[in-house]
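Participant: Line by line, the protein sequences give chains G and U.
Okay, so the first sequence: first residue is 1 according to the working numbering, each after it adds one.
Okay, so the second sequence: first residue is 294 according to the working numbering, each after it adds one.
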Amino acid sequence: MSYFLQQLINGLSLGSVYALMSVGYSLVYSIMNFSNFAHGGVIMIGAYIGYFCLTLLKVPFFIAFILSALGSGILAVTMEKIVYRPLRKRNAPFLYFIISAMGASIFLENIVIASPIGPTFRSYPTVFSTAPIMLGNIALGRIDLLMFIISAISLAGLMFIIEKTKIGLSIRATSYSIKGSTLMGVNVDKVIFIIFMLGGLLAGLAGMLFGMKYVVYPQIGNITTKSFIAAVFGGLGSLPGAIIGSILLGLIETMTSGYLSSQYRDLIAFALLIGVLIFKPSGLMGKTTEDKA
Amino acid sequence: MSWGYLSGILILTGINLMTVLGLSLLTGFTGLFSFGHAGFMAIGAYTAAMITLKLKILPESMFQVQFYLALLAGGLVAMIFSLIIGKLTLNLKGDYFCIATLGFGEAIRLILDNVQLFGGARGLSSIPTQGTTTLTNVVIINVIAIIVLVFIIKSRHGRNMVAIREEELAAQTIGIDVFKYKLISFAISAFFAGIAGGLMAHYFGYIQPIMFKMVKSTELTIIVIFGGLGSVSGSVIGTILLTFLPELLRSFANWRLVLYGAAVIIIMITRPQGLMGGKEFSIKKIIRAFAKRPKEEVKS
Numbered sequence: 001m002s003y004f005l006q007q008l009i010n011g012l013s014l015g016s017v018y019a020l021m022s023v024g025y026s027l028v029y030s031i032m033n034f035s036n037f038a039h040g041g042v043i044m045i046g047a048y049i050g051y052f053c054l055t056l057l058k059v060p061f062f063i064a065f066i067l068s069a070l071g072s073g074i075l076a077v078t079m080e081k082i083v084y085r086p087l088r089k090r091n092a093p094f095l096y097f098i099i100s101a102m103g104a105s106i107f108l109e110n111i112v113i114a115s116p117i118g119p120t121f122r123s124y125p126t127v128f129s130t131a132p133i134m135l136g137n138i139a140l141g142r143i144d145l146l147m148f149i150i151s152a153i154s155l156a157g158l159m160f161i162i163e164k165t166k167i168g169l170s171i172r173a174t175s176y177s178i179k180g181s182t183l184m185g186v187n188v189d190k191v192i193f194i195i196f197m198l199g200g201l202l203a204g205l206a207g208m209l210f211g212m213k214y215v216v217y218p219q220i221g222n223i224t225t226k227s228f229i230a231a232v233f234g235g236l237g238s239l240p241g242a243i244i245g246s247i248l249l250g251l252i253e254t255m256t257s258g259y260l261s262s263q264y265r266d267l268i269a270f271a272l273l274i275g276v277l278i279f280k281p282s283g284l285m286g287k288t289t290e291d292k293a
Numbered sequence: 294m295s296w297g298y299l300s301g302i303l304i305l306t307g308i309n310l311m312t313v314l315g316l317s318l319l320t321g322f323t324g325l326f327s328f329g330h331a332g333f334m335a336i337g338a339y340t341a342a343m344i345t346l347k348l349k350i351l352p353e354s355m356f357q358v359q360f361y362l363a364l365l366a367g368g369l370v371a372m373i374f375s376l377i378i379g380k381l382t383l384n385l386k387g388d389y390f391c392i393a394t395l396g397f398g399e400a401i402r403l404i405l406d407n408v409q410l411f412g413g414a415r416g417l418s419s420i421p422t423q424g425t426t427t428l429t430n431v432v433i434i435n436v437i438a439i440i441v442l443v444f445i446i447k448s449r450h451g452r453n454m455v456a457i458r459e460e461e462l463a464a465q466t467i468g469i470d471v472f473k474y475k476l477i478s479f480a481i482s483a484f485f486a487g488i489a490g491g492l493m494a495h496y497f498g499y500i501q502p503i504m505f506k507m508v509k510s511t512e513l514t515i516i517v518i519f520g521g522l523g524s525v526s527g528s529v530i531g532t533i534l535l536t537f538l539p540e541l542l543r544s545f546a547n548w549r550l551v552l553y554g555a556a557v558i559i560i561m562i563t564r565p566q567g568l569m570g571g572k573e574f575s576i577k578k579i580i581r582a583f584a585k586r587p588k589e590e591v592k593s
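(1) Would you call the CB atoms of L535 of chain U and F519 of chain U closer than 8 Å?
(2) With a threshold of 16 other CB atoms inside 10 Å of the CB of V408 of chain U, please say whether the residue is buried or exposed.
(3) Considering L135 of chain G, what are the terminal residues of the beta strand (DSSP E) in which it resides?
(4) By DSSP, does A271 of chain G sit in helix, in strand, or in coil?
(5) What residues from the segment 95 to 108 of chain G come within 8 Å of chain U, judged by C-beta to C-beta, listed N to C?
(6) Please identify, using Cβ separations under 7 Å, the residues of the segment 400 to 412 of chain U that lie next to chain G, in order along the chain.
(7) For a contact meaning CB atoms closer than 7 Å, what does P539 of chain U contact in chain G?
(8) Compute the distance between the beta-carbons of F472 of chain U and L383 of chain U, then report whether it is under 8 Å.
(9) Spatial neighbours of R142 of chain G within its chain, please: C-beta separation below 6 Å, excluding the five flanking residues on both sides.
(10) For N547 of chain U, which residues in chain G fall below 7 Å Cβ to Cβ?
(11) By Cβ distance, which residues of its chain are closer than 8 Å to Y474 of chain U, with the 5 residues on each side in sequence left out?
(12) Against chain U, does D295 of chain G count as a neighbour if the rule is that its beta carbon must be under 8 Å from one of theirs?
(13) DSSP three-state label for L284 of chain G, please.
(14) For L310 of chain U, I'd like the list of residues in its chain whose CB is within less than 6 Å of its CB, leaving aside the five on either flank, ordered along the chain.
(15) Check each residue of the segment 550 to 565 of chain U: if its Cβ is closer than 7 Å to any Cβ of chain G, include it; give the result in chain order.
(16) Straight-line CA distance for S181 of chain G to I392 of chain U?
(17) Taking buried to mean at least 16 other C-beta atoms within 10 Å of its own C-beta, is M184 of chain G buried or exposed?
(18) Going by CA-CA distance only, name the one from G:T78, G:M102, G:Q6 and G:V59 that's closest to F34 of chain G.
(19) What span of residues does the alpha helix (DSSP H) with L158 of chain G cover, start to end?
(20) Comparing alpha-carbon positions, which option in U:A584, U:A494 and U:M561 lies nearest K89 of chain G?
(21) Is it buried or exposed, F328 of chain U, if we count other Cβ atoms within 10 angstroms and call 16 or more buried?
(22) Could one say the Cβ of D470 of chain U lies closer than 8 Å to chain G's Cβ atoms, at least one of them?
(23) Looking at the unbroken alpha helix (DSSP H) that takes in K475 of chain U, where does it start and where does it end?
(24) By the criterion of Cβ-Cβ separation under 7 Å, what are the contact partners of I138 of chain G in chain U?
(25) Run the CB neighbour count on R549 of chain U, radius 10 Å, all protein chains shown included, and call it buried at 16 or more, exposed below.
(26) Closer than 8 Å, CB to CB, is P86 of chain G near chain U or not?
(27) What's the gap between the Cα of S2 of chain G and the Cα of G307 of chain U?
(28) Determine, using beta carbons only, whether E290 of chain G comes closer than 8 Å to chain U.
(29) Just to confirm my understanding: we take Q7 of chain G, look at its own chain, exclude 5 residues before and 5 after, and list those with CB closer than 7 Å. What are they?
(30) Select from G:G200, G:S170 and G:T55 the residue whose C-alpha is nearest the C-alpha of S154 of chain G.
(31) Does the beta-carbon distance from S300 of chain U to L428 of chain U come in below 8 Å?
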């Protein structure tokens with residue numbers, strides 16, 4: 001029983017970080033109808049900003065978090081401006097967005113490898129003691145706990161912005177219909193700026209959390225494949241769906257590696273993706289997949 | 294630049310071209326996008342390699358024949374997989390089909406990673422390279438592929454596919470079986486990818502699941518778009534350019550991929566129709582263009 005609870009807690013903390021990333025996918029998808037594969041690059045840059053803030057600048061821990069979130073946010077917004085805006089103005093089909101996103105992700109990954117930072121694996125300095133907090137028989141890793149708390153707070157903040165503020169209202173309106181909301185006086189450019197900013201901020205946090213839990217390296221962005229699966233699982237374009245999908249995926253993954261073998265972890269994740277696409281492509285709570293003729 | 298090096302690059306170009314031709318039919322002429330063709334290459338590569346490595350039915354003297362049969366088998370197995378996958382996912386719309394192929398591509402790689410019969414993550418090695426994927430063989434296979442592709446495109450079936458690309462709903466209303474043609478296009482492209490995989494296995498002499506990552510699929514789709522959607526000659530030129538350029542830039546080592554990424558973005562923004570932009574390369578047109586020029590000057 002305690003083994004099960006242990007896996008449950010690990011799964012929750014992994015899933016919550018997936019959620020930080022997958023909401024970035026879902027936000028962009030809900031408005032622009034394409035999957036932003038460059039999100040992984042943003043997460044990777046966030047992880048590096050956090051790393052260098054802690055090692056070179058030696059700033060306090062929470063300031064490093066804020067700086068890496070801000071850095072990633074600014075990067076995501078800049079990328080939108082350079083890469084996606086020209087396509088958007090031309091009403092390019094979704095494929096051009098995906099290809100550009102792939103190009104951006106190749107660019108970001110390799111510019112880090114080519115720069116003096118290089119392809120080496122770097123591990124974060126230890127901020128916390130690695131000794132776990134014991135609750136009876138269950139060991140709570142301090143970093144796992146931190147992952148869960150930070151994710152929960154920032155996701156709650158995101159949901160608050162989306163559901164309760166005027167900006168959130170315009171985001172929700174735009175996700176229903178870009179044309180309609182433009183007619184109602186919503187500034188779509190501003191809405192897209194905000195969703196990329198929000199996605200980027202969360203990506204920075206996620207990057208730093210992953211860097212702390214594992215190590216930092218240029219390909220760390222590949223981890224977003226998982227959060228992307230989670231976003232599809234929950235239903236692309238739906239925020240609550242992305243969060244629930246991520247938590248479930250985190251649980252499924254830790255349970256698989258806990259009870260079967262860690263080798264099957266990725267396989268199960270992709271099998272899940274395919275199963276969802278075949279039987280319920282709209283995911284747990286996604287928008288309908290029908291094209292408007 | 295020695296001949297051995299040059300012919301190596303030419304063989305690699307030919308292998309890429311093989312898959313790109315199939316993808317050109319799928320993406321350029323039918324309007325479907327796949328991020329899973331590396332998976333079909335993997336299927337083709339593993340099938341062909343298993344046949345030349347493990348099946349010794351034909352005498353040693355007929356090894357060439359066995360190699361050709363292995364390539365064909367690789368293509369066919371990839372095709373069978375594509376028919377199953379296509380049947381399940383081709384009724385998904387745009388983005389979701391793309392994601393589905395991505396999922397299948399990765400799943401195939403992960404399965405190969407875990408099955409010990411296929412060597413797991415270490416893959417298969419000591420695949421015979423002597424007299425198999427030679428430059429002559431690669432050129433012959435590519436020429437056949439181009440001819441077949443042009444015939445398909447020029448036929449009624451090819452025109453139906455273009456109709457689906459242009460306007461799916463309209464194509465359906467005039468009685469084109471959209472699902473069937475999408476499936477045919479997907480299967481043919483998988484067949485081409487399977488053969489390319491077999492060639493690749495017998496060129497390198499070893500295969501590992503990691504060679505067939507999603508990046509490979511993306512790279513292939515990028516080539517198709519770079520060459521120009523709906524243009525076979527564009528695909529050929531695009532493949533040659535994009536396989537040679539990284540080789541020429543090899544001395545820049547790490548920076549070449551940075552340039553590559555930037556180039557992809559710039560092409561998407563500035564020339565989304567690609568190099569050829571749906572037109573075909575023909576000598577007649579060039580002569581006509583040159584012949585016209587003096588006339589235009591007179592006019593102005």
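All C-beta atoms in this analysis are idealised placements derived from N, C-alpha and C, irrespective of residue type, glycine included.
Facilitator: So, from the listed chains and residues:
(1) yes
(2) Residue burial annotation: V408 of chain U is exposed, with fewer than 16 other C-beta atoms found within 10 angstroms of its C-beta.
(3) Note, L135 of chain G: beta strand (DSSP E), I133 to L135.
(4) Three-state DSSP puts A271 of chain G in a helix.
(5) L95, Y96, I98, I99, S100, M102, G103, A104, S105, I106, F107 and L108
(6) Cβ contacts with chain G: A400, L403, I404 and N407.
(7) In chain order: nothing, as chain G lies at least about 12 Å away.
(8) yes
(9) F128
(10) In chain order: N110, I113 and A114.
(11) T323, H450, N453, M454 and I457
(12) Residue 295 of chain G lies beyond the range of chain G shown here (1 to 293); nothing can be said about it.
(13) coil
(14) Take L310 of chain U, set aside five residues on each side of it, and the residues of its chain with a beta-carbon closer than 6 Å to its own are N435 and T532, in chain order.
(15) For the segment 550 to 565 of chain U, the set of positions with a beta-carbon nearer than 7 Å to some beta-carbon of chain G reads L550, V551, Y553, G554, A555, V557, I558, M561, I562 and P565 in chain order.
(16) 28 Å
(17) exposed
(18) Ranking the options by Cα distance to F34 of chain G, first place goes to G:M102.
(19) R142 to K164
(20) U:M561
(21) buried
(22) no
(23) For K475 of chain U, the uninterrupted alpha helix (DSSP H) run begins and ends at V471 to F497, by DSSP.
(24) In chain order: nothing, as chain U lies at least about 31 Å away.
(25) buried
(26) yes
(27) Within the model, the alpha-carbon separation for S2 of chain G versus G307 of chain U is close to 57 Å.
(28) With a pLDDT of 47 at E290 of chain G, under the threshold of 50, the modelled position of that residue is not reliable, and the figure given next carries that caveat. Output row for E290 of chain G: interface = yes.
(29) Taken in chain order, the residues that qualify are T254, M255 and G258.
(30) The alpha carbon of S154 of chain G has as its nearest neighbour, out of G:G200, G:S170 and G:T55, the alpha carbon of G:G200.
(31) yes
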